[in-house]
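In my numbering, the protein residues as written are 3 to 264.
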């Protein structure tokens with residue numbers, strides 16, 4: 003399993019630069035820089051010259067402000083986006099833990115969606131049927147699992163989707179911590195399951211919103227800024243560069259505490 007990106011770029015063309023609604027839609031889905039491509043079409047340069055090589059055992063966390071390009075990079079690595087220029091070669095079974103609604107049908111039951119979502123993530127129907135009871139216990143959705151997904155609240159949908167994704171054994175795990183609104187108590191339980199999922203994965207790329215969780219799951223970090231790799235290195239080093247010395251010191255202490263706790 004491996005991830006190899008060489009000067010990978012992702013542009014979103016805005017064919018009618020005067021169309022405010024289209025511009026807002028594109029800018030809302032990706033940060034980046036507005037420019038023009040070789041055909042003189044106005045584009046948002048969401049990712050620019052991304053060169054990255056990851057192998058089995060690598061655990062890298064992405065930091066950066068909202069709109070910096072972290073989510074776009076995850077989508078590039080998952081195959082949702084193709085590079086506009088450059089290359090992105092992904093070898094291995096990918097489990098994207100973001101866009102949690104993808105592969106789910108609002109008109110069928112929670113139980114049926116467990117199977118469908120599992121198939122979307124590369125599992126077999128037999129594998130998912132064997133995991134249904136475990137997933138149902140984790141979600142705490144009870145009788146709602148017999149009801150159509152359209153009757154679920156946002157938080158309930160997140161619970162169901164997280165139950166599925168944390169039950170599989172991915173080779174490459176693409177994880178966004180900001181995956182949805184669930185109550186704090188359930189999120190504690192979900193973090194334990196996510197940590198277990200990470201331990202079973204070969205490669206982790208983690209878009210972080212929490213330095214503690216970054217320190218818990220990752221062994222290196224990468225700062226994404228306006229669609230470019232600003233810095234890559236140790237977690238303390240990168241967090242210090244991005245947020246300042248106090249944040250870097252807090253991460254160092256968190257990592258030391260986790261080492262002591264085993």
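Don't be surprised by glycine CBs; every beta carbon is placed ideally from N, CA and C. On a predicted model such as this, the values are computed, not experimentally measured, just so you know.
- The straight-line gap separating the alpha-carbon atoms of residue 73 and residue 48 is approximately 10 Å.
- If you ignore the 5 residues before and after residue 162, its C-beta comes within less than 6 Å of the C-beta of 112 and 141, all in its own chain and listed in chain order.
- Residue 241 and residue 167 have their C-alpha atoms spaced approximately 28 Å apart.
- Cβ-Cβ separation between residue 117 and residue 137: approximately 10 Å, too far for a contact (criterion under 8 Å).
- Secondary-structure assignment with DSSP links residue 4 through a beta bridge to 57 and 93.
- Between residue 51 and residue 9 the beta-carbon gap is near 5 Å, inside 8 Å, which marks them as a contact.
- Assigned with DSSP and collapsed to three states, residue 205 falls in strand.
- Under DSSP, residue 235 takes part in a beta bridge, and its partners are 223.
- Secondary structure of residue 100 (DSSP, three-state): coil.
- DSSP places residue 145 in the helix class (H, G or I) of the three-state scheme.
- The continuous alpha helix (DSSP H) containing residue 121 extends over residues 112-122.
- From the listed residues 14, 54 and 63, the smallest Cα separation to residue 223 is found for 63.
- DSSP, reduced to helix, strand and coil, places residue 46 within a strand of the structure shown.
- Per DSSP, the continuous alpha helix (DSSP H) segment holding residue 75 begins and ends at 72-80.
- Here residue 78 is actually not in contact with residue 207; their C-beta atoms are around 10 Å apart, not less than 8 Å.
- Assigned with DSSP and collapsed to three states, residue 178 falls in strand.
- Distances from the CA of residue 227 to each of 134, 209 and 159 were compared; the closest alpha carbon is that of 209.
- For the pair of segments examined, the segment 120-132 was found not to touch the segment 185-204: the number of CB pairs separated by less than 8 Å stays below three.
- With 16 or more other Cβ atoms from the protein chains shown falling within 10 Å of its own Cβ, residue 13 counts as buried.
- Short of 8 Å from the beta carbon of residue 89, and not among the five residues preceding or following it, lie these beta carbons of its own chain, in chain order: 6, 7, 8, 9 and 10.
- In the structure shown, residue 214 falls within a helical segment according to DSSP collapsed to helix, strand and coil.
- Put simply, of 16, 171, 244 and 198 the residue whose alpha carbon is nearest the alpha carbon of residue 44 is 16.
- Distance from the CA of residue 91 to the CA of residue 4, rounded to the nearest whole angstrom, comes to 8 Å.
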